[in-house]
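>
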Amino acid sequence: MGIIVKQSIKGSLWSYLGVIVGFVTTSYLYPEYLTPEVVGLFGLLMAIATITSQLAALGMGGVTSRLFPYFRDSENGHNGFLFISSLVQLAGFLLFLIGYYAFKDTLIQTNLEKSRLFADYVYLIIPLTFFFLIFTFLDTYNKLLYNAVLGTFLQEFLQRSLILIVVCLYIAGLLNFEQLIIAFTVAVCIKTVILFIYLLFRGEINMLPKPGFIDKKLKKEIIDVALFSIVGGLGSMIVFNIDKIVVNQMLDLKNTGVYTIAYYFGTLVIIPSRPLLKISGTLIADAWHRDDIGQIREIYYKSCINQFIIGGFLFLGIWANIDNILIILGEDYQQSKWVIFFIGLGYLIDMVTGSNAQVIAFSKYYRISLLFIVILIVIVLFLLAVLIPLWGITGAAVAIAGGLFLNNLMRYLFLYRKYRLQPFNFRFIVVGLFYLLLFLLAGLIPQKELYTDLLLRNSVIVIITVCFFWFVPLSKDITAIKNAMVSYLKQLLSRL
Numbered sequence: 027m028g029i030i031v032k033q034s035i036k037g038s039l040w041s042y043l044g045v046i047v048g049f050v051t052t053s054y055l056y057p058e059y060l061t062p063e064v065v066g067l068f069g070l071l072m073a074i075a076t077i078t079s080q081l082a083a084l085g086m087g088g089v090t091s092r093l094f095p096y097f098r099d100s101e102n103g104h105n106g107f108l109f110i111s112s113l114v115q116l117a118g119f120l121l122f123l124i125g126y127y128a129f130k131d132t133l134i135q136t137n138l139e140k141s142r143l144f145a146d147y148v149y150l151i152i153p154l155t156f157f158f159l160i161f162t163f164l165d166t167y168n169k170l171l172y173n174a175v176l177g178t179f180l181q182e183f184l185q186r187s188l189i190l191i192v193v194c195l196y197i198a199g200l201l202n203f204e205q206l207i208i209a210f211t212v213a214v215c216i217k218t219v220i221l222f223i224y225l226l227f228r229g230e231i232n233m234l235p236k237p238g239f240i241d242k243k244l245k246k247e248i249i250d251v252a253l254f255s256i257v258g259g260l261g262s263m264i265v266f267n268i269d270k271i272v273v274n275q276m277l278d279l280k281n282t283g284v285y286t287i288a289y290y291f292g293t294l295v296i297i298p299s300r301p302l303l304k305i306s307g308t309l310i311a312d313a314w315h316r317d318d319i320g321q322i323r324e325i326y327y328k329s330c331i332n333q334f335i336i337g338g339f340l341f342l343g344i345w346a347n348i349d350n351i352l353i354i355l356g357e358d359y360q361q362s363k364w365v366i367f368f369i370g371l372g373y374l375i376d377m378v379t380g381s382n383a384q385v386i387a388f389s390k391y392y393r394i395s396l397l398f399i400v401i402l403i404v405i406v407l408f409l410l411a412v413l414i415p416l417w418g419i420t421g422a423a424v425a426i427a428g429g430l431f432l433n434n435l436m437r438y439l440f441l442y443r444k445y446r447l448q449p450f451n452f453r454f455i456v457v458g459l460f461y462l463l464l465f466l467l468a469g470l471i472p473q474k475e476l477y478t479d480l481l482l483r484n485s486v487i488v489i490i491t492v493c494f495f496w497f498v499p500l501s502k503d504i505t506a507i508k509n510a511m512v513s514y515l516k517q518l519l520s521r522l
């Protein structure tokens, strides 16, 4: 198995262990022990900090992803790359602080009536922005050192485990309400400290400058990429985090909380793609550096078919169990049904189109992404403004799903036109028909008591899916995993 498959498997393992932990927190503890307003506060703070940290990065995320291969040299401290990056991001964080204190009073005043809780804790945006900024950069840096797993472990598993512990401490009466909010903030920030310490002990934190390494050509490219990444990266963050902010402004913090819970279930579909795209992005960057279009084509295709198989399975599992999910969530969250559907569908579309964003981002046409983002922002904001008054939080979900579809359609058409990259074939039709038939079959199972129904319905889906992809060779990577498992079992049995 190649590096993409190996790290994807490891990353997916941590992701799904994190899903189990997050499911307990989000499905049971949040609805039972926290009000929707508190859940909305958590979601809103995270959404705002994600956007502000992207802005404070001043484009260094894009510079790291695209240009680090030019600096890569472990013996020479990667030629002062961390020194330059740290100075730029420190300047960006200082600019954020100026903006925060300039608009803090306005932010508080506009939320006093509908979202008083947010107004009380708005100051937490400062530490969240700082630690999100550093973590995002260090995670990108670490994956370019061919370790995409640690960031996934910290983000998907450790963070969720710490949040679970915090909520349990609150339920046990060991934390008061204010301590709960502060402890939640610490839980989502501590991953940054751990990642920094890991890189420090590996000898990858070298802050010494390297005068003279950056010539005029490289300097110009750094500035160009940074300027592009500020707008492009910020645009992407806005599109996929603005929904919670707009829901809060147009409705209230309670609706934001319901939307946050529903959004979590929808995003379960996309979780496996994160480790895959992290490492595939690194390999695509190196392939573009060698001008190896053949490898890029192969990575692009494999990312599409593998993600469709995994994402389709997860979307099917969620939607086939939607009635059970609503029972678990309780009365306050009944309106979340179609939010879960449309968010899940939107992210399934994003998975089916694979690593198209990475292929464009590391190509010489990377600037075209900016046009796509601008179009996307306009469309999503328009849809949010029109659909939320009509359909409430479901309208916000439809807007995000529509944005994901249009964004990936633009990327697909561009790659086909410029490079004749077209990953879709009859295998995608087979996968789609299989999942449709399996959904219809699962629908024939009579609804039973909650836990009995969950066990029966999901057992049918899992067994049939495993058998189908075990015997029908639709993915070379899945076949390679199957062969490795069979070989291991044969060796194990031969020793008995």
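Going by my numbering, the residue at position 311 of the sequence shown is 337; the numbering climbs one at a time, nothing skipped.
Where is the CB? At the ideal position from N, CA and C, for every residue including glycine.
Quick check: the Cα distance between A506 and L195, rounded to an integer number of angstroms?
Indexing the sequence shown from 1 puts residue 506 at position 480. Indexing the sequence shown from 1 puts residue 195 at position 169. So the two alpha carbons sit approximately 44 angstroms from each other.
> Which word fits S513, buried or exposed, when buried means at least 16 other C-beta atoms lie within 10 angstroms of its C-beta?
For the purposes of this step, residue 513 is taken as residue 487 along the sequence shown, with counting starting at 1. With fewer than 16 Cβ atoms within 10 Å of its Cβ, S513 is classed as exposed.
> Would you mind working out which of G283, I348, K508 sits nearest D479, comparing C-alpha positions?
Position 453 of the sequence shown, counting from 1, holds the residue named residue 479. For the residues G283, I348, K508, the minimum Cα distance to D479 belongs to I348.
> Using the Cα positions of F254 and S79, report the straight-line distance between them to the nearest angstrom.
Indexing the sequence shown from 1 puts residue 254 at position 228. Indexing the sequence shown from 1 puts residue 79 at position 53. The straight-line gap from Cα to Cα measures roughly 16 angstroms.
> Rounded to whole angstroms, what's the CA-CA distance from V265 to L515? Just pull it up for me.
Along the sequence shown, read from residue 1 onward, the residue named residue 265 stands at position 239. Along the sequence shown, read from residue 1 onward, the residue named residue 515 stands at position 489. So the two alpha carbons sit approximately 46 angstroms from each other.
> For A423, report the span of its alpha helix (DSSP H) as first-last.
The residue labelled residue 423 in the question sits at position 397 within the sequence shown. First-last of the alpha helix (DSSP H) with A423: 419-445.
> Is G44 near the ligand HEM - that is, is its Cβ less than 7 angstroms away from at least one heavy atom of it?
No copy of the ligand HEM occurs in the structure displayed, which carries no ligand at all.
> Is it right to say Y127 is buried, meaning 16 or more other beta carbons lie within 10 angstroms of its own, or is it exposed?
For the purposes of this step, residue 127 is taken as residue 101 along the sequence shown, with counting starting at 1. Exposed.
> Terminal residues of the continuous alpha helix (DSSP H) containing Q115?
By 1-based counting over the sequence shown, the position of residue 115 is 89. Per DSSP, Q115 belongs to the alpha helix (DSSP H) from 107-135.
> For the alpha helix (DSSP H) that contains N232, what are its first and last residues?
As a position in the sequence shown, residue 232 is number 206, starting the count at 1. Unbroken run through N232: none, as it is neither H nor E.
> Just the Cα atoms here: how many angstroms apart are I189 and N451?
Taking the first residue of the sequence shown as position 1, residue 189 is located at position 163. Taking the first residue of the sequence shown as position 1, residue 451 is located at position 425. Distance between the alpha carbons of I189 and N451: 42 angstroms.
> On the criterion of 16 or more Cβ atoms from any shown chain inside 10 Å, does A75 qualify as buried, or is it exposed?
Within the sequence shown, numbered from 1, the residue matching residue 75 stands at position 49. Under this definition A75 is a buried residue.
> Using the Cβ count rule (16 or more neighbours within 10 Å means buried), how would you classify L463?
Within the sequence shown, residue 463 is the residue found at index 437, counting from 1. L463 comes out exposed.
> Alpha carbon to alpha carbon, how far is Q205 from R323? Give it in angstroms, no decimals.
Here the question's residue 323 lines up with position 297 in the sequence shown. Here the question's residue 205 lines up with position 179 in the sequence shown. Answer to the nearest angstrom: the Cα atoms are 51 angstroms apart.
> Just confirm the distance between the C-beta atoms of D269 and A422, as a whole number of angstroms; I'd bet it's less than 8 angstroms.
Reading the sequence shown from its first residue, position 243 is the one you call residue 269. Reading the sequence shown from its first residue, position 396 is the one you call residue 422. About 5 angstroms; that satisfies the 8 angstroms criterion.
> With a Cβ-Cβ cutoff of 8 angstroms, do A83 and T162 count as a contact?
Along the sequence shown, one-based indexing puts residue 83 at 57. Along the sequence shown, one-based indexing puts residue 162 at 136. Cβ distance < 8 angstroms, so A83 and T162 count as in contact.
> Determine the closest residue to F465 out of I487, Y477, S501, I455, with distance taken between C-alpha atoms.
Here residue 465 refers to the residue found at position 439 when the sequence shown is read from its first residue. Residue I487 is the option with its Cα nearest to F465.
> Would you decide whether Q135 is buried or exposed? Buried here means 16 or more other CB atoms lie within 10 Å of its CB.
In the sequence shown, the residue the question calls residue 135 occupies position 109. It counts as exposed.
> Within 10 angstroms of its Cβ, does T155 collect 16 or more other Cβ (buried), or is it exposed?
As a first step, residue 155 is located in the sequence shown; it is residue number 129 there, counting from the start. Per the 10 Å Cβ criterion, buried.
> What is the residue span of the alpha helix (DSSP H) that D146 lies within?
Within the sequence shown, residue 146 is the residue found at index 120, counting from 1. Start and end: 142-146.
> Contact defined as beta carbons within less than 8 angstroms: I believe I366 pairs with F291. What is the distance between those atoms, to the nearest angstrom?
Here the question's residue 366 lines up with position 340 in the sequence shown. Here the question's residue 291 lines up with position 265 in the sequence shown. Between F291 and I366 the Cβ distance is about 5 angstroms, and since that is below 8 angstroms, they are a contact.
> Should T132 go down as buried or exposed, given a rule of 16 or more other Cβ atoms within 10 Å for buried?
Residue mapping note: residue 132 aligns to position 106 of the sequence shown, counting from 1. Flag for T132 reads exposed.
> What's the C-alpha gap between S41 and R186?
By 1-based counting over the sequence shown, the position of residue 41 is 15. By 1-based counting over the sequence shown, the position of residue 186 is 160. Going from the Cα of S41 to the Cα of R186 covers about 10 angstroms.
> Grab me the residues of M27's own chain with a C-beta within less than 6 angstroms of its C-beta, minus the 5 sequence neighbours each way, in chain order.
Mapped onto the sequence shown, residue 27 falls at position 1. Since pLDDT at M27 reaches only 46, below the 50 mark, its modelled position is unreliable, and the value read off the structure follows with that caveat. Closer than 6 angstroms at the Cβ level, and outside the excluded window around M27, lie A506.
> Kindly indicate the opening and closing residues of the alpha helix (DSSP H) around E324.
As a position in the sequence shown, residue 324 is number 298, starting the count at 1. Counting along the chain, the alpha helix (DSSP H) containing E324 begins and ends at 319-346.
> Between A252 and the rest of its own chain, which residues show a CB-CB distance below 8 angstroms, the 5 nearest in sequence each way excluded?
Numbered from 1 along the sequence shown, position 226 holds the residue referred to as residue 252. Cβ within range, chain order: L84, G85, M86, G88, V89, V114.
> Please classify L279: is it buried, with 16 or more other beta-carbons within 10 angstroms of its beta-carbon, or exposed?
Numbered from its first residue, the sequence shown carries residue 279 at position 253. L279 comes out buried.
> Rounded to whole angstroms, what's the CA-CA distance from G356 to V295? Just pull it up for me.
Numbered from its first residue, the sequence shown carries residue 356 at position 330. Numbered from its first residue, the sequence shown carries residue 295 at position 269. Going by the C-alpha atoms only, they are around 22 angstroms apart.
> Closest to Y149 by CA distance: which of F107, G229, L70, S501 is it?
For the purposes of this step, residue 149 is taken as the residue at position 123 of the sequence shown. Minimum Cα distance to Y149 is reached at L70.
> What did DSSP end up calling A83 once you bin it into helix, strand or coil?
The residue you call residue 83 lines up with position 57 of the sequence shown. Correct three-state label for A83: coil.
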